[in-house]
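Student: One structure coming up, written as structure tokens, with questions to follow.
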Amino acid sequence: MILFRKKVFHVGITFAVTLITNLIIFASSRMNETNITTTATPDNSSTTTSPSKLPQPPLARSCIDKKVLNVCWLKTPPYIFDRPSNKSIVEGILSDAILEGFTKCECQVNLNYSIQVYEEEDLINCSKNKDIDIVLPFPQRGIRNNNWFFKVVDSAAIYLLLNRKKIESQAKANIIYEFSQVWTLAVLTILLAAIFGIVVWSLDAAWNRKQFPPTFCPGALEGVWWSFVTLTTVGYGDKTPKFPLARIFAILWMFVGMCMVSLLTATLTKTLTTGLVENRREFHGLKIGVLKSSHTYDEAVKKGAKTQKYLDLKSMYTALNNDEIQGILVDIFVATYVRNNLNVFGFQDNIFVAQSYDIQYSIGVYFGYGMAMYEDSKPFSILTDCLRSMFENANRRIDVFSIVEKYIQSQEIVEKSKVYDEFKIEINLFSPTSDIFLMGLRTLCIILGILVFFGIIWEIVRCRWRKTIFLPKTHAESIAMSGHQKMTAENINKLVKKLDEVERALGKVMEFREIYEHCKIDIQRYDSGIANGNPHGISGTPNSGYSNNA
Numbered sequence: 025m026i027l028f029r030k031k032v033f034h035v036g037i038t039f040a041v042t043l044i045t046n047l048i049i050f051a052s053s054r055m056n057e058t059n060i061t062t063t064a065t066p067d068n069s070s071t072t073t074s075p076s077k078l079p080q081p082p083l084a085r086s087c088i089d090k091k092v093l094n095v096c097w098l099k100t101p102p103y104i105f106d107r108p109s110n111k112s113i114v115e116g117i118l119s120d121a122i123l124e125g126f127t128k129c130e131c132q133v134n135l136n137y138s139i140q141v142y143e144e145e146d147l148i149n150c151s152k153n154k155d156i157d158i159v160l161p162f163p164q165r166g167i168r169n170n171n172w173f174f175k176v177v178d179s180a181a182i183y184l185l186l187n188r189k190k191i192e193s194q195a196k197a198n199i200i201y202e203f204s205q206v207w208t209l210a211v212l213t214i215l216l217a218a219i220f221g222i223v224v225w226s227l228d229a230a231w232n233r234k235q236f237p238p239t240f241c242p243g244a245l246e247g248v249w250w251s252f253v254t255l256t257t258v259g260y261g262d263k264t265p266k267f268p269l270a271r272i273f274a275i276l277w278m279f280v281g282m283c284m285v286s287l288l289t290a291t292l293t294k295t296l297t298t299g300l301v302e303n304r305r306e307f308h309g310l311k312i313g314v315l316k317s318s319h320t321y322d323e324a325v326k327k328g329a330k331t332q333k334y335l336d337l338k339s340m341y342t343a344l345n346n347d348e349i350q351g352i353l354v355d356i357f358v359a360t361y362v363r364n365n366l367n368v369f370g371f372q373d374n375i376f377v378a379q380s381y382d383i384q385y386s387i388g389v390y391f392g393y394g395m396a397m398y399e400d401s402k403p404f405s406i407l408t409d410c411l412r413s414m415f416e417n418a419n420r421r422i423d424v425f426s427i428v429e430k431y432i433q434s435q436e437i438v439e440k441s442k443v444y445d446e447f448k449i450e451i452n453l454f455s456p457t458s459d460i461f462l463m464g465l466r467t468l469c470i471i472l473g474i475l476v477f478f479g480i481i482w483e484i485v486r487c488r489w490r491k492t493i494f495l496p497k498t499h500a501e502s503i504a505m506s507g508h509q510k511m512t513a514e515n516i517n518k519l520v521k522k523l524d525e526v527e528r529a530l531g532k533v534m535e536f537r538e539i540y541e542h543c544k545i546d547i548q549r550y551d552s553g554i555a556n557g558n559p560h561g562i563s564g565t566p567n568s569g570y571s572n573n574a
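Using the numbering used here, the first residue of the sequence shown is number 25, and each one after it goes up by one.
Quick look at the structure:
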């Protein structure tokens, strides 16, 4: 009986202890759920969301047994890079995102960035090393286990960047080439002007000998001159066709010439003023630079480009500036980062976005074998679930794009570097900053200066030559010249008197001429009377007509 009582008492004590323990565990779990709800609320939100409406990621109750994680990384700005001023500090989009993810998952660890590689293949090899915990940025083609890959951000597009100065030089070369092709139209215009000029001359020479001489050489040249004057719509009016058929041909030439001049003017204007360089949607055959560790290499190969791999951005952009490659292919974040940090890289502001390709790909981090060793442990499972919910769920708790905005200004490339399906660059040859304009201005100024200089020299020489010929050389000649001038005035008076005498003599001559004409008429009348058998058919005698006058 006593033994039975002891057993009952022992069972009661055990039951009470078990009940108390379960109550403590239940109360502890309720407190943890309350903490989860508080942490899940975004920092920038002024309202709270109930756990029933917003699914919350599980938090690690205890982190894995590692306080320092070894990171194998490849320098790829802006995703991960070291500061130019302090190489020991590593930062970037992926570095900040993964560190914030560990912090919010309540896993306080330090990241060791002492292992830096320079090839994409080295990143894949790092993922197989048991001493490496995290690999970033990791290429998607090297993923062996999707549970170990965490997508941080999606790149929306890749950009084709070109050298602006190179494109402008190509445009100027195109202008020179197009100008050399205009000679065909100019030759046709000249030949038509010569033909119409000769035809109008041949039709109008018999009617308009004064303006179009009948001989071929001078007449045809005058016709060609008229044709060019009409062609250019100058219309001096010094020569005008008179013959109706010639005028019809002139009207026809006016219409033909107007069309020819308009075509020639339009062609010259287009050629000399603006050069157009139109892009191709595909860059097949172009020599394109790509980062050796980027996915843009695969896209360049798919599009048939001649790829040139580079280890870093600086060497690739330097090659573009030195015309070693025709363009570079990078994703939107890299292009924007470099565009906004030209001074950091030492680049000139001569690159522009020529084409955009809507090709998306994921950029993230990968857990290496060092972390995979904890795959079967519960803390590792909780940690991976928490990180995945931080980055990949629709209601992720980390605002990745705020981290992206920290390193790049995503709106600037949309506003200032708009991409069009067909772009063109206008090259104004007469811009004040154009090399061609400045060279032409200097050349014309030099030619004008030379002409003015020789003109002044010629005028001085000519004036001295005239003084040498017309001015007296000695004092005696000067006195003689002065006396000659005085004699000249007296001679002029004498000459005037003589001219008066000559005028009076001419008047007398005119009187004698009138008498002679009257005598001639009387003789003709007398001779006509004798011929008619009536010698007295006229009044008076032959001398009567002028005897009275005398």
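The beta carbon of each residue, even a glycine, is placed where N, CA and C say it ideally should be.
If you follow the alpha helix (DSSP H) that LEU123 is in, where does it begin and where does it stop?
Tutor: As a working note, residue 123 is residue 99 in the sequence shown. Unbroken alpha helix (DSSP H) run through LEU123: 117-128.
Student: Within the continuous alpha helix (DSSP H) that includes ASN346, where are the two ends?
Tutor: One-based indexing of the sequence shown puts residue 346 at position 322. Careful: ASN346 lies outside any alpha helix (DSSP H) and carries neither H nor E.
Student: In the DSSP assignment, what residue or residues form a beta bridge with PHE577?
Tutor: The question about residue 577 has no answer, for the chain in this structure spans 25 to 574.
Student: How about TYR385 and ILE167: do their beta carbons lie closer than 9 Å?
Tutor: As a first step, residue 385 must be located in the sequence shown, where it is residue number 361. As a first step, residue 167 must be located in the sequence shown, where it is residue number 143. In this structure, ILE167 does not lie closer than 9 Å to TYR385 by Cβ.
Student: Starting from LEU135, follow its DSSP beta bridges and name the residues at the other end.
Tutor: Taking the first residue of the sequence shown as position 1, residue 135 is located at position 111. Paired residues: LEU93.
Student: In angstroms, rounded to a whole number, what distance separates the CA positions of GLU202 and THR295?
Tutor: In the sequence shown, residue 202 corresponds to position 178, counting from 1. In the sequence shown, residue 295 corresponds to position 271, counting from 1. If you take the alpha carbons of GLU202 and THR295, they lie about 6 Å apart.
Student: Short of 7 Å in beta carbon distance, which residues of its chain neighbour VAL211, apart from the five on each side in sequence? Order them along the chain.
Tutor: Residue mapping note: residue 211 aligns to position 187 of the sequence shown, counting from 1. Nothing listed; no residue qualifies.
Student: Look at LYS430 and ASP120 and say whether their C-beta atoms are less than 9 Å apart.
Tutor: Residue mapping note: residue 430 aligns to position 406 of the sequence shown, counting from 1. Residue mapping note: residue 120 aligns to position 96 of the sequence shown, counting from 1. Yes, Cβ-Cβ distance for LYS430 and ASP120 is below 9 Å.
Student: Taking the C-alpha atoms as reference points, what is the distance between ILE387 and HIS319?
Tutor: Stepping through the sequence shown from its first residue, residue 387 is reached at position 363. Stepping through the sequence shown from its first residue, residue 319 is reached at position 295. Cα-Cα distance, rounded: 10 Å.
Student: Look at the alpha carbon of ILE617 and the alpha carbon of TRP250, and state the distance between them as a whole number of angstroms.
Tutor: Look at the range of the chain in this structure, 25 to 574, and you will see that residue 617 is not part of it.
Student: Between ILE422, ALA359, VAL520 and LYS99, which has its C-alpha nearest GLU144's C-alpha?
Tutor: What you label residue 144 is simply residue 120 of the sequence shown in a count that begins at 1. It is LYS99 whose Cα lies nearest to the Cα of GLU144.
Student: Once DSSP output is grouped into helix, strand and coil, what is the label at ILE474?
Tutor: Counting from 1 along the sequence shown, the entry for residue 474 is found at position 450. Of the three classes helix, strand and coil, the one that applies to ILE474 here is helix, per DSSP.
Student: I'd like to confirm the pairing. Which residues does DSSP put opposite GLN332 in its beta bridges?
Tutor: The sequence position of residue 332 within the sequence shown is 308, counting from 1. In the DSSP output, where bridge partners are listed per residue, GLN332 has GLY313.
Student: Taking ILE117 and VAL206 to be in contact with their CB atoms under 8 Å, please state how far apart those CB atoms are, rounded to whole angstroms.
Tutor: Along the sequence shown, read from residue 1 onward, the residue named residue 117 stands at position 93. Along the sequence shown, read from residue 1 onward, the residue named residue 206 stands at position 182. 54 Å between Cβ atoms; not a contact.
Student: For ASN170, count the other beta carbons within 10 Å of its own beta carbon; 16 or more makes it buried, fewer makes it exposed. Which is it?
Tutor: Numbered from 1 along the sequence shown, position 146 holds the residue referred to as residue 170. Classification for ASN170: exposed.
Student: May I have the straight-line CA-CA distance separating LEU288 from ASN198, to the nearest angstrom?
Tutor: In the sequence shown, residue 288 corresponds to position 264, counting from 1. In the sequence shown, residue 198 corresponds to position 174, counting from 1. Using only the alpha carbons, I get a separation of about 18 Å.
Student: Please report the straight-line C-alpha distance between MET397 and GLU124, rounded to a whole angstrom.
Tutor: Indexing the sequence shown from 1 puts residue 397 at position 373. Indexing the sequence shown from 1 puts residue 124 at position 100. The straight-line gap from Cα to Cα measures roughly 23 Å.
Student: Are the CB atoms of CYS598 and ILE156 nearer to each other than 9 Å?
Tutor: No statement about residue 598 is possible, as the shown extent of the chain runs from 25 to 574 and does not include it.
Student: Any idea if LYS263 is buried or exposed, counting beta-carbon neighbours within 10 angstroms, 16 or more meaning buried?
Tutor: As a first step, residue 263 is located in the sequence shown; it is residue number 239 there, counting from the start. Counting Cβ neighbours within 10 Å, LYS263 comes out buried, since at least 16 surround it.
Student: What residues in its chain sit with their C-beta under 7 Å from that of ILE427, if we drop five residues either side in the sequence?
Tutor: Residue mapping note: residue 427 aligns to position 403 of the sequence shown, counting from 1. Same-chain partners within the cutoff: ILE117, ASP120 and ALA121.
Student: Which of helix, strand or coil does DSSP assign to ALA210?
Tutor: As a first step, residue 210 must be located in the sequence shown, where it is residue number 186. Reduced to three states, the DSSP call for ALA210 is helix.
Student: Hey, would you say LYS316 sits closer than 9 Å to TYR334, going by beta carbons?
Tutor: Counting from 1 along the sequence shown, the entry for residue 316 is found at position 292. Counting from 1 along the sequence shown, the entry for residue 334 is found at position 310. Yes, the Cβ-Cβ distance between LYS316 and TYR334 is below 9 Å.
Student: Hey, could you find the ends of the alpha helix (DSSP H) LYS402 is sitting in?
Tutor: Translated into the one-based positions of the sequence shown, residue 402 becomes position 378. Here the alpha helix (DSSP H) through LYS402 covers 402-415.
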